[in-house]
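In our numbering, the protein residues as written are 3 to 264.
The beta-carbon is built from N, C-alpha and C at its ideal position, and this holds for glycine as well.
The model shown is predicted, which means the values in this text are computed figures rather than measured ones.
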Ligand code: SAM
């Protein structure tokens, strides 16, 4: 029987009974038709990954009875993606793929040319949870409410380095820029800034460039859509600075996420 892998809020430890939410119980019981005793994998972003079994608690409720730890909690790269919200399908895609690419925070930004200002944060968080379950992450990225760019920059966290993707030719190629970083820069917290479909305006680009330790970079000779640019930049950063430097351990051969298949 393939394993279902679930993100839960509860603390995880041997003998713990972790409550499952309504959607998880419905999926396990009525879609996957899992019986009591069915094996599960659970993670909560703090305690690593644990194996457990499904146990009913009345007609509609169920818990995961936690048995043993399968993976220790690992530290993950502290990388934010600051991007202008996109139309529904595209922003859902960015949330899912950026989660697979190991992003720590998704920060939608409102800029002069942003076309979409309202973001359904709850839906993006659900996308991120499902992607984290599937991609074998041990955490789920934080999805924040949209913030006006000027406000975000005005309160920029000290020490967080900023990689601005500037299609107006304002910087060296991303690979060259990241390859030249010293160890202190590589181990610092980072953020990537991607403009909207209409690009950052001149005033925004100069505000971005005033952030301490900012790097403006190019993503090649073609103009990429904002979603393409976001994921390409994140992949480059992971490959040259982040955790794609670690070996890829093959983890669980066959399991299904709580809402989909692997
Ligand atoms: N100004 C662009 C145009 O002329 O169509 C529109 C912006 S582009 C669709 C959206 C964002 O993706 C840009 O603001 C930038 O952050 C990033 N981007 C796209 N292509 C890029 C490139 N070749 N180099 C660096 N950043 C790029």
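Exercise for the section: Check the DSSP bridge columns for residue 42 and list the partner residues they point to. Expected result: Answer is 6 and 54.
Problem - Boundaries (first-last residue) of the alpha helix (DSSP H) holding residue 213 - result: DSSP places residue 213 in no alpha helix (DSSP H); its state is neither H nor E.
Exercise for the section: Tell me whether residue 96 counts as near the ligand SAM, meaning its Cβ is closer than 8 Å to at least one heavy atom of that ligand. Expected result: With a cut-off of 8 Å, the C-beta of residue 96 is classified as distant from the ligand SAM, since no heavy atom of the ligand falls inside that distance.
Problem - alpha helix (DSSP H) segments (min. 4 residues) lying fully within the stretch 115-186 - result: Unbroken alpha helix (DSSP H) runs of no fewer than 4 residues, entirely contained in the stretch 115-186, are found at 123-137, 151-156 and 176-181, following chain order.
Exercise for the section: Please work out which residues of its chain come closer than 7 Å, Cβ to Cβ, to residue 19, disregarding the five sequence neighbours upstream and downstream, and give them in chain order. Expected result: Taken in chain order, the residues that qualify are 65 and 67.
Practice task
Pull up the distance between the alpha-carbon of residue 231 and that of residue 72, whole angstroms please.
Solution key: So the alpha carbons of these two residues sit roughly 35 Å apart.
Exercise for the section: Hey, could you find the ends of the beta strand (DSSP E) residue 65 is sitting in? Expected result: For residue 65, the enclosing beta strand (DSSP E) stretches over residues 63-73.
Practice task
State yes or no: is the C-beta of residue 84 nearer than 8 Å to some heavy atom of the ligand SAM?
Solution key: No - the ligand SAM has no heavy atom lying nearer than 8 Å to the Cβ of residue 84.
Handout entry: First and last residue of the uninterrupted beta strand (DSSP E) at residue 19
Key = Per DSSP, residue 19 belongs to the beta strand (DSSP E) from 19-21.
Problem - Through-space distance from residue 136 to residue 264, alpha-carbon basis - result: Its pLDDT being 39, under 50, residue 264 is placed unreliably in this model, and the value from its coordinates should be taken loosely. Counting only the Cα atoms, residue 136 lies some 6 Å from residue 264.
Exercise for the section: Write down the C-beta distance between residue 86 and residue 116 rounded to the nearest angstrom, noting that I regard them as a contact closer than 8 Å. Expected result: About 5 Å separates the beta carbons of residue 86 and residue 116, which is inside the 8 Å limit, making them a contact pair.
Problem - DSSP three-state assignment for residue 108, whether helix, strand or coil - result: The three-state secondary structure of residue 108, taken from DSSP, is strand.
Practice task
Starting from the C-beta of residue 211, find all residues in its chain whose C-beta is less than 6 Å away, skip the five residues before and the five after it, and write them out in chain order.
Solution key: Excluding positions up to five away in sequence, the list is empty.
Problem - At least three beta-carbon pairs within less than 8 Å, the stretch 243-250 to the stretch 77-85 - result: Yes, the stretch 243-250 is in contact with the stretch 77-85.
Problem - DSSP beta-bridge partners of residue 219 - result: Paired residue(s): 167.
Handout entry: Where the beta strand (DSSP E) containing residue 195 begins and where it ends
Key = Where residue 195 is concerned, the enclosing beta strand (DSSP E) stretches over 192-196.
Practice task
For the stretch 191-200 and the stretch 122-138, state whether three or more C-beta atom pairs, one from each stretch, are separated by less than 8 Å.
Solution key: By the criterion of at least three beta-carbon pairs nearer than 8 Å, the stretch 191-200 is not in contact with the stretch 122-138.
Exercise for the section: Determine the contact status of residue 70 and residue 151, defining contact as a CB-CB distance below 9 Å. Expected result: Judged by their CB atoms, residue 70 and residue 151 are not nearer to each other than the 9 Å cut-off.
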